[in-house]
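Visitor: Per my numbering, the very first residue in the sequence shown carries number 98; after that it's consecutive.
Pasting a structure below so you can have a look.
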Amino acid sequence: MPRTIGVLVFPNFQLLDAAGPITAFELANREIDPSAYRLRLLATAAGQVM
Numbered sequence: 098m099p100r101t102i103g104v105l106v107f108p109n110f111q112l113l114d115a116a117g118p119i120t121a122f123e124l125a126n127r128e129i130d131p132s133a134y135r136l137r138l139l140a141t142a143a144g145q146v147m
């Protein structure tokens, strides 16, 4: 069963703040099992991520 990992983004966040954790779990999926972790971007409000 995959574990769901949420990465919270907020106004004026820096891309590297999200990219680091996302990359770590993507690499873990490659090494362990492609379906070990399911990644989701989360925000308090819907809208564009710039």
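Cβ atoms here follow ideal geometry from the backbone N, Cα and C, with glycine treated the same way.
Owing to the predicted nature of the structure, the values given are computational and were not obtained by experimental measurement.
For the alpha helix (DSSP H) that G117 lies in, which residues bound it at each end?
Guide: Residue 117 sits at position 20 when you count from the first residue of the sequence shown. Element bounds for G117: L112 to E128.
Visitor: According to DSSP, T101 sits in a beta bridge with which residue or residues?
Guide: Along the sequence shown, read from residue 1 onward, the residue named residue 101 stands at position 4. DSSP, once it has assigned bridges, lists R135 as partnering T101.
Visitor: What residues in its chain sit with their C-beta under 6 Å from that of R100, if we drop five residues either side in the sequence?
Guide: Counting from one through the sequence shown, the residue named residue 100 turns up at place 3. Taken in chain order, the residues that qualify are Y134.
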